[in-house]
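Residue numbers (the working numbering): 981 to 1121.
Structure representation (structure tokens):
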């Protein structure tokens, strides 16, 4: 798998709900099969009563990055309908706080030190607009 060669210590797959079914450090030709098995198992354990708290999930990822410190690309596959928080802009605020905390260290980190890409599915207009704001209109200055 071509993408597997881009990360020396492998790719990770995590979910916003629960900690089971994670994949850590998948490399080479093992990536597709490991990810497929993980996603199938995760799908079987979905409980429709659970709600995603994307801000809390991102906080955990950002905390891990601060301890790790190498280039990272976070690709989030989502419908954008995160109902696990009562705060309207919690995800935006979490991303902005992360960037502000790391800006003083940027000269010591890679030039493209951390990137986030939201890949959307679904057709909820409000959710898609939110993802567009997060991807392209977030004010961090």
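By construction, the Cβ of each residue, glycine as well, lies at the ideal position given by its N, Cα and C atoms. Quick caveat, the model's predicted, so the values are computed rather than measured.
Residues that DSSP places opposite residue i in a beta bridge
i            : result
residue 1071 : According to DSSP, which records beta bridges pairwise, residue 1071 is partnered with nothing at all.
residue 1077 : In DSSP, residue 1077 forms no bridge with anything.
residue 991  : 1006
residue 1056 : 1098
Alpha-carbon to alpha-carbon, residue j and residue i
i            : j            : result
residue 991  : residue 1054 : 10 angstroms
residue 1095 : residue 1045 : 12 angstroms
residue 1063 : residue 1069 : 12 angstroms
residue 1012 : residue 1079 : 31 angstroms
residue 1023 : residue 1050 : 31 angstroms
residue 1097 : residue 1115 : 7 angstroms
residue 1052 : residue 1039 : 15 angstroms
residue 1061 : residue 1082 : 28 angstroms
residue 1059 : residue 1084 : 33 angstroms
residue 1110 : residue 1076 : 15 angstroms
residue 1112 : residue 1118 : 9 angstroms
residue 1047 : residue 1041 : 10 angstroms
Chain-order list of residues whose beta-carbon lies under 7 angstroms from that of residue i (same chain, five-residue window excluded)
i            : result
residue 1065 : 1033 and 1035
Proximal residues to residue i (C-beta, below 6 angstroms), its chain only, five neighbours per side dropped
i            : result
residue 1006 : 990, 991 and 1014
residue 1037 : 996
residue 1071 : 1034 and 1035
Residues of its chain near residue i, where Cβ-Cβ distance is below 8 angstroms and the 5 sequence neighbours each way are ignored
i            : result
residue 981  : For residue 981, the predicted model reports a pLDDT of 46, less than 50, meaning its position is unreliable and no value from the coordinates is stated.
residue 1108 : 1060, 1100 and 1102
Closer than 8 angstroms to chain C by CB, residue i
i            : result
residue 1005 : Here chain C cannot be found, since the structure has a single protein chain.
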